Amino acid sequence: MKRKLLSFLFVWMISILTVWSQNRTVTGLVTDGSEPIIGATVAVKGSTTGTTTDENGKFSINIPEAGATLKIRFLGMTVKEIVVDQNSPTTGLNITLVKDPLMLDEVRVTAIGEQKSLRKIGYSTSQIQGKSVASSGESGVIQGLSGKVSNLAITKNSGDPGAGAFIQIRGQSTITGNLQPLIVIDGVPMSNSSIGGGVDGVVQQSRLNDINPEDIANVEVLKGAAAAAVWGTRASNGVIIVTTKRGSRSSKKNNINVEVSSSLALDFINKEYEKQGTYGQGTGGKWKANAGGSWGDKIALRSGADSLNLSGPKFVAENGTVYNPILKKGDNKEYNTANRDQVFRTGVTYNNNISISSGNEKSAIYFNLSDWNQQGILNGNSDYRRTTGRLNYTHNLNDKFKFSLNTFLSKIFSNRIQQGSNLDGLYLGYLRTAPDFNNTDYIGTYYNAAGIPVFNSHRGYRNYMGSAAPTYNNPGWTLNKQTNTSDVTRVIITPEASWEWAKKSILTVRTGYDISNDRRITYFPYLSAASASNGAFTDQFLKQSEISFHAYNKNSFEVNKDLSINTTVGFLYTNRSYYTIGGSASQFILNNQDRNAFINYTTANMNPFNSVENLENNRVYGIADIDYQDKVFLQLTAASEAASTFKGRFYYPSATLAYEFTKDILQNNKVLSYGKLRASAGLVGVEPPAYIWNTNYINSSSASGWGETLDGSQFGGSIYRSSIQGNPNIKPEQKTEFEIGTDLKFLKNRIGLSATYYQNKTTGAIFAVDVPASSGFTSKWDNAATISNRGWEAELNFKVIDNSKLTLSVYGNVSSNKNNVDDISGVNSIFLAGFTGTSSRAVAGQALGVFWGGKWETNADGSFALDGNGFKKAAATEGVLGDPNAKYRAGIGSVISWKGFDVNILFETSQGGQMWAGTYGVLNNFGVTPETANEVTVTADEAATIKNYRGQTISQLATANTDGSYTIRGNIADYGGGKVLLDESWYTGLGGGFGSVSQDYIRDASWFRLRELSVNYKLPKAVLSKLHIPGASVGFTGRNLLLWTEFPGVDPELNLTGTSNGRGLDYFTNPGTKSLIFSLKLNF
Amino acid sequence: MKKTIKYILAGILFAPLFFITSCNKDINDINKINPNEFSDSDPKLMITGAQLANVMLNEGEAARLAGIFAGQFTGYDRQYISYGQYNMTSGDFNSPWEELYSKGVGQCKLVRAKAITANDKVLEGVAMITEANLLLTTSSLWGDVPSSQACVEGINTPVYDKMSVVYTYCIGLLDSAIARVGTSNKYATAYAGTFTWKEVANTLKARALLHKKDYAGAIAAATDGVSAGNDFHAKHETAAPGAWNIYYDFLDWNRSGYMSCEGSHMFALLDSASTKNKRNAKTDETARFDYYFLLDNYSPVDPNMYGGIFDAQANFALASYNENQLILAECYARTSNDAKALEHLNKVRKAHDDKFGPGAYSDYVSTDAQVSDNAKLLKEILTEKYVSLFGQVEAFNDIRRTKNLIGIPINNGTTLPGRFLYPQSEINSNPNTPAPGTLFDAVELFK
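Here is the structure:
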């Protein structure tokens, strides 16, 4: 009903517009000197009469009997005026347009997917060419943008193949809503979800990575509220507009281009933890089998060989090596290198593409097939294979009717590795391994003392005999025995039609259908660590789809020679649905066969689950673009939205203004060749999550933070009230954004500078507000927070050398954002992600995502409160520990072209943010960091007074050296009460990562890196003609080659909790990578 | 010209018309009902959830921490090492507190209201007993806590009642429940045992009165308390995650190695090699020692999670005949009736002999060295209770209530923990939360 009414109104509104009469016809052809120009505007100066050239570059226009001046315009070309008087010929006019030397008419893609001249844009936008995305060597489109756009922060979830990334534009402005920008591909919204991903498990792929970067023509990043009208409640985090390649129409014969490209990428770990190799497994300076920590004896001082009990139980590894119970540890070798080599390998990726683009006068196609086949750097079941196909087809039936159909198919299969806070995770087992334990033999047969075998037994440093599941997995087991697969099929279809149904009135109808299926299997074989010790299995199927229908009508009116108005009125409907079904099971019936099936579980040990979500939005909007004297450009937009997730309608206005001031002042200035001031303001929203209106009743389940659970379904079924209180009055979050900026060009456009200051404020941010549990609920949904961001960003481009032989340009961007949580309804803090001990939170008056956890108790004067032995003490309450948000980010690079070589260098930095070194803290607890293996020597006097955390003096703990001094493992510190010894008692207690105080492990996470270095060489024509190949190039790209950071052990660009709203957490996260990519491209 | 502008403006101005004409009634139906959850429930199904929260409180993290503070367990690995040294922060207490109120007390109050509507007196009484059980444990650990205002609709920030007031409230609930439950044992899906609700309520009441040092009242209540063979147990009869023993879940399934009995006072009391061990001519603890502990050559002394007290399928005592008898024994001893006290102590020893004997425990006579005077008798009763109630919060309560009469060692510093800290989540959101204090402050009734 609504839609019908709308169409009716379109027709009615447009049809009342008058059409003027003409009386003499002029015809002609517009070319760029060789090729016809399609779509050039031919207008009668001083009137509203005008037309555009057809696909042959031809036009026909009526002019007054007395003659007129024709004004011919095309983007990127200098405007030309031709006088047609009574004596001029009226047919066969040949008009040649030349390129505008100022090249100001860069074209950008707007939120609805239309092209618009950059000159006329009054908001901040950044465009990246597809070539630059593809050459980055990243499997995902967005990761390839790193460092190239100001105020676009990309945090990878991990270095695993196909892992997603957290994208943040101009800081975080919501707490629990969708935090990610909207991705629009060819005009239709695309799912970029990364479902899954907490403090443990595997890093799932991001649906954003399904797209083949080779297909991308360009990516436009809209940062502010510019997209408000069209994308409403989904535009609050910015919009990334992706345009895929299309073939070009041409009247040329044999217009067919074939490109074949292949690349080989080698991936390496880009930052590793250092481990000590001095002290062995054990505690209290003595070797102890299966101990967690490496607080044992000095490895080098051992006798040389273990003394073994050869008559007891034994473990026979797959290669035949026999392990017997150790009576006395004598082995004096360290195995850090062997253990490292078990875990890492050189990752190898083969990427093959074939693209065909072609076109005739009426139609054009772009066709691509690609295969990305990647083996990750983790030496086991870590891979990612993506095969895609795309066909983009456009057809112009005649001047009035145009059709296009974009289709995309992607098939992805990948294997993931368990990570994080997870006893079955890779880094946890690997990094904690004692240096004197060799992990190589992880699987074999255990024979008990009676000689009874257990096949496929699992041996690790916490159960060296493999007599039962070890406390932590051996990394070999994690990498090779556990499987975590994901099998994705995705289809995106975008049909579009446009019809110029009245003069200068074009109706476009576009629909999009995006569907993806994902089957995920998680399998832990019998004898995996911890809760999977009797085997565990999950099989889950996920289906996501988004259907969109978008219709809009564009009108252009030339009111007079100074004023023209373009209007767009549109309607947009979207439906998103999500469905998952699956089951998890544990406790195998049959232990020794691997099956991804539920046949191996008793009924009590199976747990099926399913879940659905369905969201619908509809939106009507109007956009008016008012151009005055080709120098002042005003855009006004208004939109109204209804959605299934909130009641009533929500209205979004926005206004942007661009003023090309160099048309009025500083004309023909030698230094400043172009200047524009711009301002924009708008309101966008964030829709509430679905199903939060009511307080619901759920299956009962009681649990603790350590994982133990009592599940009502095991007790005959129990359904009780949820601890989260619903809120029927929930409204969308409202984000107001304001920005001012300027775009400047200097020295005949050799230098381009764009700078923007912005501020935004989100009111009514939705989250489940913590309420006292003693009220019966733990949280209540509410529009409860106010969050603001302000900052600035600048982008620079400088053509230092520009001649026919050599071009060298420098480009850069810098941005700074300050985030503040203005109000969270009186609650002290809101948990976003992390652990009970250390978490990323929202705290009033602090930046969003600050670290929260146990602190050191301090005295009134700021000094540490000390215990009787001179050590710091834990404060009774927790507080803010640091801020993960960077103070500023910048990228600087250079592009050089010389004799067929194209070189691109890009450095990127992030400064001032912090990160929780959770892994490092815990490794201190285990005594495997070099810090904990330090030795100090003190005088006899000091040894008698310096105490450890337990209050024992050094002289009590160690024996004197021959000179009377004492040497002991540990570090000396002074917290204000004199020197103290930091040894095992401190690191395994309050001073390590498992202590209740995490303050000391909040570390600076600033980094500076060589993000990209690429060299491309186009083979010269002389060589190619001998090979009978029209075009060929070879290339090399280095990605993340160099990294400088103070942060210990891991690339601080990663985050354990992925795309969740919590930032800056490192806890046994799988490592990041650096890559070398070699490519070959052939054109036919 | 002018006309054109008019039309354009009209076009822009017409945009709002669309907004008004679009109706959005139907679109809201899509998310009106959450298809993944329910809109309401049946109180008979809800009570199980509340009971599970009660089990989680008395057998989960709170019980483990109480056990560590009481020297029954040792914080052996990772975060638990800090706990063993009494290094705790407010955030460590969030989880048990949130679970007990939102999933326990809150559901009990809802069930009570729904039971009245359904005119189901027994169900109402069972909800009262569950609520009292939850709040008594809570108050014994945290002291002043929300009770009458807790989980009442419309009260977003409940006041904290003094511990004595909470006890009065709970005793009132138990009295009301006793009047309602008759001899029923219905609505006990989460529990195991042949108990009757009336006996359970009386033992809980006796426990509360003991804490209040109302020995005569405690004797009266305990006299009607849990009778021999009719213990009130948390049910863990299925060997599956979500159903099995919580200690087992923690010790073996989820957090292997975190907590042990290595070097604990509990171990010393039963270990024949220890100078502190409580064995004597009439007491052979060998069988109980094996039931309680697991020894191998590789790892520290573990609480026995394979076939012993914390086996996956071992039910967990929430109120037992032994506890009830030891309450009687202590109350008689406190009121100088040593003969009656000894009689009840011997009843417990007899029960142990039935389980671990025969011949492991024979009756004490008043001339035996262990019970030869009132002070020794009291210590023997409390030591027996400490050992009998392995893993139960009540052991920690007894230590604090009696000013550590049995003399457990202090792990760190000079003071034993006196209370749990108020959870950070409550401090964050309830302005009525009392000042945090320290872990070593005593709660009102145990001062």
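Protein chains in written order, with my numbering: chain W, 263 to 1346; chain L, 389 to 835. Glycine included, C-beta positions come from ideal geometry on N, C-alpha and C. Since the model is a prediction, treat every value here as computed from it, not as a measurement.
Assign residue i to buried or exposed, taking buried as 16 or more other Cβ atoms, counted over all protein chains shown, within 10 Å of its Cβ.
| i | result |
| --- | --- |
| residue 740(L) | buried |
| residue 292(W) | buried |
| residue 377(W) | exposed |
| residue 629(L) | buried |
| residue 786(L) | buried |
| residue 720(W) | buried |
| residue 409(L) | Caution applies to residue 409(L), whose pLDDT of 45 falls short of 50 and renders its modelled position unreliable; the model cannot decide the point. |
| residue 804(L) | buried |
| residue 857(W) | exposed |
For a contact meaning CB atoms closer than 9 Å, what does residue i contact in chain L?
| i | result |
| --- | --- |
| residue 1099(W) | 467, 477, 479, 480 |
| residue 878(W) | 415, 418, 419 |
| residue 655(W) | What residue 655(W) touches in chain L: nothing, since even the nearest Cβ is about 33 Å away. |
| residue 849(W) | 627, 628, 629 |
Using a C-beta to C-beta distance shorter than 8 Å, which residues of chain W count as neighbours of residue i?
| i | result |
| --- | --- |
| residue 789(L) | Those do not exist, as residue 789(L) stays about 23 Å from chain W at its closest Cβ, beyond 8 Å. |
| residue 539(L) | 1036, 1037, 1038 |
| residue 546(L) | 1034, 1036, 1037 |
Can residue i and residue j be called in contact, C-beta distance under 9 Å?
| i | j | result |
| --- | --- | --- |
| residue 808(W) | residue 452(W) | yes |
| residue 480(W) | residue 304(W) | no |
| residue 1268(W) | residue 1314(W) | yes |
| residue 221(W) | residue 488(W) | Chain W is shown from 263 up to 1346; residue 221(W) falls before or after that span and cannot be answered. |
| residue 639(L) | residue 447(L) | no |
| residue 1328(W) | residue 1114(W) | no |
| residue 1195(W) | residue 1227(W) | no |
| residue 1154(W) | residue 1165(W) | no |
| residue 235(W) | residue 1079(W) | Only positions 263 to 1346 of chain W appear in this structure, which leaves residue 235(W) out of reach. |
| residue 515(L) | residue 622(L) | no |
| residue 1151(W) | residue 1176(W) | no |
| residue 459(L) | residue 652(L) | yes |
| residue 1333(W) | residue 532(W) | yes |
| residue 697(W) | residue 813(L) | no |
At a CB-CB cut-off below 7 Å, which residues of chain W make contact with residue i?
| i | result |
| --- | --- |
| residue 428(L) | 959 |
| residue 470(L) | 1251, 1252, 1256, 1257, 1258 |
Along chain L, which residues have their Cβ under 8 Å away from the Cβ of residue i?
| i | result |
| --- | --- |
| residue 1264(W) | In chain order: nothing, as chain L lies at least about 16 Å away. |
| residue 981(W) | 426, 429, 430, 433, 434, 437 |
To the nearest whole angstrom, what separates the beta carbons of residue i and residue j, a pair I think is in contact under 8 Å?
| i | j | result |
| --- | --- | --- |
| residue 874(L) | residue 636(L) | Because chain L is modelled from 389 through 835, residue 874(L) falls outside the range shown and cannot be assessed. |
| residue 323(W) | residue 311(W) | 7 Å |
| residue 834(W) | residue 810(W) | 7 Å |
| residue 1421(W) | residue 290(W) | No answer is possible for residue 1421(W): the residues shown for chain W start at 263 and end at 1346. |
Using a Cβ cut-off of 9 Å, pull out every chain W residue sitting near residue i, in sequence order please.
| i | result |
| --- | --- |
| residue 638(L) | 966, 968, 969, 970 |
| residue 758(L) | Within chain W, no residue comes near residue 758(L); the closest Cβ sits about 35 Å away, beyond 9 Å. |
For a contact defined as C-beta to C-beta under 7 Å, what are the partners of residue i on chain L?
| i | result |
| --- | --- |
| residue 907(W) | 419 |
Beta strand (DSSP E) runs contained entirely in the segment 947-1025 of chain W, provided each spans 3 or more residues: List check, beta strand (DSSP E) in window: 959-961, 963-965, 971-973, 981-983, 995-1008.
Extract the residue ranges of the alpha helix (DSSP H) inside the segment 726-766 of chain W, only unbroken runs of 4 or more that lie entirely within it. Counting only runs of 4+ residues, the alpha helix (DSSP H) found wholly inside the segment 726-766 of chain W occupies 737-742, in chain order.
Suppose only complete runs of 3+ residues qualify. What are the beta strand (DSSP E) ranges in the segment 1085-1130 of chain W, listed by chain order? For the segment 1085-1130 of chain W, the full-length beta strand (DSSP E) segments reaching 3 residues or more read 1091-1096, 1100-1105, 1112-1118 along the chain.
Extract the residue ranges of the alpha helix (DSSP H) inside the segment 659-702 of chain W, only unbroken runs of 4 or more that lie entirely within it. Positions of the alpha helix (DSSP H) runs, each at least 4 residues long and wholly inside the segment 659-702 of chain W, are given as 688-694 in order along the chain.
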